[in-house]
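Under the working numbering, the first residue of the sequence shown carries the number -19, and numbering increases by one thereafter. A short write-up of the structure that comes next.
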Amino acid sequence: MKTIKEASLNNKIVVVRFDYNVPIKNGTILDTTRIEKSLKTLNYILDRASKVVILSHLGRIETEEDKKDKSLKPVCDYLSKLIKRDIAFCDYNNPVEVINNNKIIMMENTRFFDVDNKKESKSDEELSKFFASFGDIFINDAFGTAHRDNASNVGISKFLPSYNGFLIEEEVNNLDKLVKNVKRPYTVIIGGAKVSDKIKVINNLIEKVDHLLIGGGMVYTFLKAKGFNIGKSICEEEYVPIVKEVLNKYEDKIVLIKDNYVQDKVLKNIEDMNNDDIGYDIGPKTIESYKEIIDNSNTIFFNGAMGVFEEGYEYGTKELLNILNNNKGIVVTGGGDTINAINKYLKDNNFIISTGGGASLEYLEGKELPGVFL
Ligand code: AMP
């Protein structure tokens, strides 16, 4: 990986891409983790470079209307307070002048250019050149966007000497513990709502892991494939044949659930489900069987909630987090909902938490991330 330490930044204008795609409501930033995570790279640049120009996207932009509450200005104000320095905010009207007259500059949301033929998201060459014209050297530290080829992270790198920042380096090194020389037994726990989102990851990871524990909403497609009555639980019928194949091939590695909480929080064994039951959370027998495997594992990756924790079905997710936190090995987690559940139930923990959901899963799948420069 080409890292920032190899770059000579002295007296250069550095363009840096962060992932400041943070939740904002009525101008207030609800979670600032991603901003704090950018400080190491930002301070390193500020100590060396003559100027820094910051790029980031925020949310999805399709129409002029979408721009209204998607300005990066609140991020600019927060960051300025955090580093106790002035930051000039630039809406692209006169970038040359703004850059010439200031030391730290934050450009407006790069996805504002998506209104014009999705130029940012499609990595348009002219837009990439425009971003590159802001400086002499490019640092990408937006791990959460590293699986996407956009103008402001990958397109721009074709026109400037380009390196990765400290966050990308840290995230990739953490995930490498699960990709290279993994300390076994290696257990992956996958939950969440949809099989379709994660079946590719499951297919790729299953070869590498010792145990795959499946919970959450997606387990019902697996249970159906095994012939259980799952009642009205969430199920992706079209995936049943694919799941059947995976189950046949890797029966010894895959662990499904034994019991679950259905509607009205009634606890039921899986074989006792009837046609009207809807499974919302995993039960204590399942937790017990998970615990035995987890306690014997040295490396664990966890993604996806075990139940509908947002609506009172939090037992399984909470219990699982506590078991994981007592593990002596390496526990890596990632993804928006998972981080949300961790912040809710176990803020104080020993986990390695990845800021990027999609990016970390694609990396574990074995894909090269275009935003990680080699
Ligand atoms: P994901 O974004 O794929 O990690 O999915 C997380 C979501 O899965 C959470 O919002 C949970 O509410 C949902 N989920 C977990 N268990 C179930 C379940 N048994 N039925 C429906 N949704 C579930």
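Ideal Cβ positions, reconstructed from N, Cα and C, are used throughout, including at glycine. Computed from a predicted structure; not experimentally measured.
It is roughly 10 Å from the alpha-carbon of Lys5 to the alpha-carbon of Asp11. The nearest non-hydrogen atom of ligand 1 is less than 6 Å from the C-beta of Ala173. Look at the beta carbons and you see the stretch 218 to 235 not touching the stretch 243 to 252: under three pairs across the two are nearer than 8 Å. Between Val(-6) and Ile15 a beta carbon distance of about 18 Å is seen, past the 8 Å cut, so the two are scored as non-contacting. Look at the stretch 218 to 254 and you find these whole runs of alpha helix (DSSP H), each 4 residues long or longer: 220 to 229.
As computed with DSSP, Thr21 is found in no beta bridge at all. Each residue's CA atom was taken as its position, placing Thr318 and Val311 some 13 Å apart. The stretch 290 to 310 makes contact with the stretch 157 to 177, as at least three CB pairs between them are under 8 Å. Taken atom to atom, the span from the alpha-carbon of Gly171 to that of Asn73 is near 46 Å.
Under DSSP, no beta-bridge partner is assigned to Val78. Annotation: the continuous beta strand (DSSP E) that includes Phe282 extends over Thr279 to Asn283. Cβ neighbours of Lys20 within its own chain (closer than 6 Å, five residues either side excluded): Phe146. Per the C-alpha coordinates, the member of Glu150, Ile85 and Thr266 positioned closest to Met(-19) is Glu150. Counting along the chain, Cys56 sits inside the alpha helix (DSSP H) bounded by residues Lys53 to Ile63. Restricting attention to Asn89, Gly259, Asn254 and Lys188, the CA atom closest to the CA of Pro54 is found in Asn89. The beta strand (DSSP E) runs of length 3 or more contained entirely in the stretch 137 to 222 are, from start to end of the chain, 142 to 144, 166 to 170 and 191 to 194. Under the rule that a run must span 4 or more residues, the alpha helix (DSSP H) segments found entirely inside the stretch 70 to 119 read 75 to 81 and 105 to 112. Taking one beta carbon from each stretch, the stretch 161 to 168 and the stretch 270 to 288 have 3 or more pairs nearer than 8 Å; the two touch. Between Ala122 and Asn130, the C-beta spacing is not below 7 Å.
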